[in-house]
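In case it helps, my numbering puts the sequence shown at residues 37 to 461. Working notes, structure below.
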Amino acid sequence: MTNPFSLDHALALDAADPLPTQRDRFLIPRHGDGEQAYFVGNSLGLQPRDARHHVEEVLDTWARLAVEGHFTGESQWMTYHALVRTQLGRLVGARPDEVVAMNTLTVNLHLMMVSFYRPTAERPAILIEAGAFPSDRHAVVSQIRFHGFDPETDLIELGPDEANGTISMAAIERAIEQHGHRLALVLWPGVQYRTGQAFDLQAIAQLTHARGITCGFDLAHAVGNLELSLHDSGADFAVWCHYKYLNSGPGAVAGCFVHERHASNPDLPRFAGWWGHEPSTRFLMGPDFVPSHGAEGWQLSNPPILGIAPLRASLELFDGVGMGALRAKSLRLTGYLESLIRERLSDTLHIVTPAEPERRGCQLSLRVIGGRDRGRALFDYLAGNGVLGDWREPDVIRISPAPLYNTHADILRFARTVEAWRDAT
Ligand SMILES: *Cc1c(COP(=O)(O)O)cnc(C)c1O
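Structure (structure tokens):
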């Protein structure tokens with residue numbers, strides 16, 4: 037056995053990995069004469085080389101054809117959003133008509149709550165996890181107020197019951213049991229952004245539905261990270277963004293799932309716009325709204341084509357490799373990161389993320405032992421050496437090896453840089 041802390045070992049693992057890296061299909065940010073070890077795909081994924089091609093195609097079409105670009109060629113703008121539908125559906129385990137690329141995450145969350153958060157005097161409440169991403173909390177609080185209810189009593193935030201600030205399935209079950217009679221909606225993350233904990237979405241949807249509660253998921257940190265089976269999970273809706281693991285660029289057009297059973301339910305309230313209108317009669321420009329079948333019926337505006345273009349490049353990559361193979365590689369990469377930390381850095385870094393692979397995605401959240409100042413110093417030292425993670429107050433560094441472009445060698449570089457800092461301080 038070679039020393040797992042040696043570069044030879046890391047390079048051998050990369051060479052022998054059943055899934056060769058797709059790193060050369062991305063633009064890797066530079067550091068000095070070399071490349072960064074970039075572990076921030078959970079925040080902004082790297083640019084696929086083909087993204088430029090898809091964006092330039094749109095610009096060219098606009099230049100050459102102007103308005104005719106709506107109706108000309110395979111990637112005509114009239115149906116452009118549908119170009120990603122099949123691949124996006126495969127990626128999240130949904131039928132093509134259950135998904136749509138539109139808007140941005142928080143906008144989609146609001147649109148979904150318009151349809152699926154239907155509070156009554158008896159059942160006004162929403163259950164989320166304590167410490168949820170602020171935008172999600174702002175969205176649910178404002179929705180509760182919008183309906184005339186009081187977030188003080190009607191927003192239920194489930195706190196952690198496990199030592200590292202994670203939440204057990206038993207606690208979720210108890211919360212749904214205890215508050216079920218008052219709950220209108222359970223909104224749960226696929227992967228919690230701060231702790232990196234992954235949840236059993238199917239189990240949560242089942243518990244929720246058994247109590248007559250609607251169930252929605254925020255998959256911002258799960259899509260492109262875990263294998264998802266959204267259709268089979270039975271969730272009513274899900275939302276996610278495409279700029280994190282989906283590598284589609286800053287502020288990229290986001291994603292939305294509506295379960296098939298709601299595909300053409302006329303009783304659901306929704307905020308409508310002309311792009312959600314049934315396409316065959318949309319351009320008759322009649323006064324009455326007839327929704328498209330499925331998730332596309334929730335579209336409002338004609339989509340920002342330039343914002344969808346990079347998503348095509350990314351989905352081609354994901355679809356070419358397959359989420360199963362990517363997740364398998366992700367387990368190897370994150371397992372290697374975990375083993376290096378446990379063996380050599382446990383005096384410096386404490387792993388917050390659950391140890392069971394099925395309870396996490398690629399990200400490990402690492403509490404720096406010794407507090408905030410020490411944590412910041414380590415974080416700055418890493419960045420200064422071309423190793424990029426991200427910082428979460430007060431003392432956590434998140435490291436997210438993305439299986440499309442991160443390597444065992446990147447991970448070793450992280451661990452050795454931490455070690456060098458520790459040994460020098
Ligand atoms: C990244 C993220 C967001 C960001 O919302 P935008 O509308 O895309 O700005 C919201 N919620 C969660 C859970 C996230 O991880």
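Glycine included, each C-beta is placed from N, C-alpha and C at the ideal position.
Taking a contact to require three or more Cβ pairs closer than 8 Å, the segment 145 to 160 and the segment 210 to 220 qualify as touching.
Put simply, the backbone Cα of R247 is about 47 Å away from that of L448. Around the beta-carbon of F107, fewer than 16 other beta-carbon atoms lie within 10 Å, marking it exposed.
In this structure, E165 is the residue among F169, E165, F185 with its C-alpha nearest to the C-alpha of E193.
Taking 8 Å as the cut-off, the beta carbon of Y441 is found closer than this to the beta carbon of Q58. Annotation for E104: no beta strand (DSSP E) segment contains it, and DSSP assigns it neither H nor E. A direct Cα-Cα distance of roughly 6 Å separates W98 from G105. In this structure, ligand 1 has no non-hydrogen atom nearer than 7 Å to the beta-carbon of C398. Per DSSP, the unbroken alpha helix (DSSP H) holding G420 starts and ends at 408 to 420.
In the same chain as P286, and ignoring 5 residues on each side of it, the C-beta atoms closer than 8 Å to its own belong to L80, Y279, in chain order. Between the segment 413 to 420 and the segment 253 to 261 there are fewer than three inter-stretch CB-CB distances shorter than 8 Å, so the stretches are not counted as touching. Taking a C-beta distance under 8 Å as the contact criterion, L347 and S436 do not qualify as a contact pair. Within the DSSP secondary-structure output, D426 pairs in a beta bridge with R434. Counting along the chain, no beta strand (DSSP E) covers D69, and no H or E run does either.
Here C251 has V222, A241, T244, A271, D272 as same chain residues with Cβ atoms under 6 Å from its own Cβ, once five neighbours each way along the sequence are excluded.
With 16 or more other CB atoms across the displayed protein chains lying within 10 angstroms of its CB, A345 is buried. Contact annotation: the segment 423 to 437 touches the segment 399 to 413, with at least three C-beta pairs closer than 8 Å. Rounded to the nearest angstrom, the gap between the Cα atoms of D50 and E110 is 38 Å. Relative to the Cα of A451, the nearest Cα in the group E92, P56, F75, I64 belongs to F75. Taking 3 residues as the minimum length, the beta strand (DSSP E) runs contained wholly in the segment 174 to 257 are 191 to 194, 219 to 225, 250 to 254, in order along the chain. Here D133 is buried, its C-beta having at least 16 other C-beta atoms within 10 Å. Runs of beta strand (DSSP E) with 3 or more residues, each lying fully within the segment 337 to 392, are found at 385 to 387, listed in chain order.
Around the beta carbon of M205, fewer than 16 other beta carbons lie within 10 angstroms, which makes this residue exposed. For V143, the enclosing alpha helix (DSSP H) starts and ends at 141 to 152. Taking the C-beta atoms as reference points, V289 is found nearer than 8 Å to N139.
Residues A46, L49, D50, Y372 of the same chain have their beta carbon placed closer than 6 Å to that of H444, with the five preceding and five following residues left out of the count. Nearest to T122 by alpha-carbon distance, out of V454, A137, Q83, P225, is A137.
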